[in-house]
Structures are given as C-alpha cells and as structure tokens.
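In this text, residue positions in the sequence shown follow numbering that gives the first Met the number 0: the first is 0, and each later residue adds one. This report concerns only the one structure given below.
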Amino acid sequence: MIFVRTTSVEGTRSVAAALAELARPGDLLLLAGDLGAGKTAFTQGFGAALGVDDLITSPTFTLVNTYEGRLELNHLDVYRLEALGEVLDLGVPEMMDDGGVTVIEWGDAVAPALPADYLEIRFTFPDTDPEGDDVRLLELVPVGPRWSARLRAIATAVSEWIHEPEGED
Ligand SMILES: Nc1ncnc2c1ncn2[C@@H]1O[C@H](COP(=O)(O)OP(=O)(O)OP(=O)(O)O)[C@@H](O)[C@H]1O
Ligand SMILES: [Mg+2]
Numbered sequence: 000m001i002f003v004r005t006t007s008v009e010g011t012r013s014v015a016a017a018l019a020e021l022a023r024p025g026d027l028l029l030l031a032g033d034l035g036a037g038k039t040a041f042t043q044g045f046g047a048a049l050g051v052d053d054l055i056t057s058p059t060f061t062l063v064n065t066y067e068g069r070l071e072l073n074h075l076d077v078y079r080l081e082a083l084g085e086v087l088d089l090g091v092p093e094m095m096d097d098g099g100v101t102v103i104e105w106g107d108a109v110a111p112a113l114p115a116d117y118l119e120i121r122f123t124f125p126d127t128d129p130e131g132d133d134v135r136l137l138e139l140v141p142v143g144p145r146w147s148a149r150l151r152a153i154a155t156a157v158s159e160w161i162h163e164p165e166g167e168d
C-alpha cells in the first residue's frame, strides 16, 4: 500500500487527478473514511481529470450520478444504504461493464457485494499535525489484479505526496 498526505482540498483533488491518468475502462475505486474526510473532493479532482465539465456533487440522495468525460464516471455514495442487498440492486458490475470508471463513497462497507478487484482509498484525519485541520492522510490499497499490477505506476503518479507514517513499527 501507499500512503499519501495532503494539506489542502486542492491537494486531495490533485492526487485524485494524478490517479485518474491511470484509470481504465471498468475500473472501480472504493473511498473509505469519515464524514468530511474528502471523498467527494477526491471524486471532483478525479472527474475533472477525466474531462468531466459538470459540477460533481455528492450523490447521497440519488445514489448514482453518471458524468460524461474521456471515460464515463459513475459516482455513488452508499452511506444511506441499509443492506448489502441494496447495493446488488444498484447493478454495479453492469455499470462497470459499460466502459466507465466507478467511484463509490463509503464503498468499503459494501465491498463484499462487489467484484474483489478495486483500489481502496482510506481517508483519515491525523491526530495532530502542525499544519492544522486541512491535513488528510490517504492510504491507497490495491485489492485484486487490476490495480495491483499498477502499484508502481501509482507510486510514481503520487510521488509528490508520498508520506511514510511514523511510529508504526
Ligand atoms: N486536505 C483536504 N482534502 C480534502 N478535503 C479537505 C482538505 N482540507 C480541508 N478539506 C475540506 O474538507 C471537506 C471535505 O468534504 P467532502 O465532502 O469531500 O468529504 P466527504 O468525505 O465526501 O464527506 P461525506 O462522508 O459527508 O460525503 C471540504 O469542506 C474540504 O474543503
Ligand atoms: Mg461525500
């Protein structure tokens, strides 16, 4: 896995844009992390780099928003879903087969109902950071062959923001 640190919302959007350059038809990204951690901000940067011109907003009430770009972007937020069965009803695998890229906020919660081939991004707020409230840590975890094969490319794309967590050994 790769750890990244951003110090502003623009930084998170830039990390997302760098990752979007690696995106391929059928890719899936699951965004995990608390309210306000930056999942929607990430999706905005990701979509902009895919050539989405429309304003990307949180799809909390619609569940799925689809945007036209160089690749189509399917943006889901499954925070409100009560059961895994509801995710199955959304037809995510069919969506992925349409040649776009699918980004799911709170997607870690529904991973068991999805194909085990995705990039998980875990957003956290550092406990204390001298740079203040706008710091976010992003842990990039490839699951399955699609993104694991791109691990080096991911590290290169986000090299500017790579951050080795301290005190974890
Ligand atoms: N480094 C940062 N990265 C991302 N967002 C940041 C950062 N610093 C500050 N912010 C602010 O934090 C907020 C992130 O909100 P955002 O809607 O993206 O979170 P979210 O994870 O999608 O929340 P929710 O679970 O409610 O959907 C924004 O107001 C943004 O301006
Ligand atoms: Mg959001």
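We treat Cβ as the ideally placed atom computed from N, Cα and C, and that holds for glycine. These numbers were taken from a predicted model, which means no experiment stands behind them.
Open item on the list: Let me confirm a value: Glu5 is counted as buried when at least 16 other C-beta atoms fall within 10 Å, else exposed. Which label applies?
Closed with: Here residue 5 is taken as the residue at index 6 of the sequence shown, counted from 1. In the sequence under discussion, the amino acid at residue 5 is Thr, which differs from the Glu named in the question. Burial call: buried.
Task: Local conformation of Thr61 per DSSP, three classes - done: Here the question's residue 61 lines up with position 62 in the sequence shown. In the structure shown, Thr61 sits in coil (DSSP, three-state: anything other than H, G, I, E or B).
TODO: Kindly examine ligand 2 and report whether one of its heavy atoms sits closer than 7 angstroms to the Cβ of Ser57.
DONE: By 1-based counting over the sequence shown, the position of residue 57 is 58. Result yes, Cβ under 7 angstroms from ligand 2.
TODO: Return the first residue and the last residue of the beta strand (DSSP E) that Glu119 is part of.
DONE: Along the sequence shown, read from residue 1 onward, the residue named residue 119 stands at position 120. Residues 117 to 123.
- [ ] Less than 8 angstroms between the CB atoms is what I'm expecting for Thr11 and Ala40, so what's the real figure, rounded?
- [x] Residue mapping note: residue 11 aligns to position 12 of the sequence shown, counting from 1. Residue mapping note: residue 40 aligns to position 41 of the sequence shown, counting from 1. The pair is a contact, with the Cβ atoms about 5 angstroms apart (cut-off 8 angstroms).
Task: N-terminal and C-terminal residue of the alpha helix (DSSP H) that Thr11 is part of - done: Looking up residue 11 in the sequence shown gives position 12. Run containing Thr11: 8 to 19, per the alpha helix (DSSP H) assignment.
Open item on the list: Buried or exposed, going by whether 16 or more other CB atoms sit within 10 Å of the CB of Ala31?
Closed with: For the purposes of this step, residue 31 is taken as residue 32 along the sequence shown, with counting starting at 1. When all chains shown are included, Ala31 counts as buried.
Task: Whole-Å CB distance - Val3 paired with Leu87, under 8 angstroms assumed - done: Start at 1 with the first residue of the sequence shown, and residue 3 comes out as number 4. Start at 1 with the first residue of the sequence shown, and residue 87 comes out as number 88. Between Leu87 and Val3 the Cβ distance is about 32 angstroms, and since that is not below 8 angstroms, they are no contact.
Task: Assigned exposure category for Glu20 - 16 Cβ within 10 Å defines buried - done: Stepping through the sequence shown from its first residue, residue 20 is reached at position 21. Answer is exposed; the Cβ neighbour count stays below 16.
Open item on the list: In this structure, how does DSSP classify Val77 when only helix, strand and coil are distinguished?
Closed with: Translated into the one-based positions of the sequence shown, residue 77 becomes position 78. Looking at Val77 - three-state DSSP - the assignment turns out to be coil, as it is neither helix nor strand.
Open item on the list: In this structure, how does DSSP classify Glu85 when only helix, strand and coil are distinguished?
Closed with: One-based indexing of the sequence shown puts residue 85 at position 86. Here Glu85 carries a helix assignment [DSSP, helix/strand/coil].
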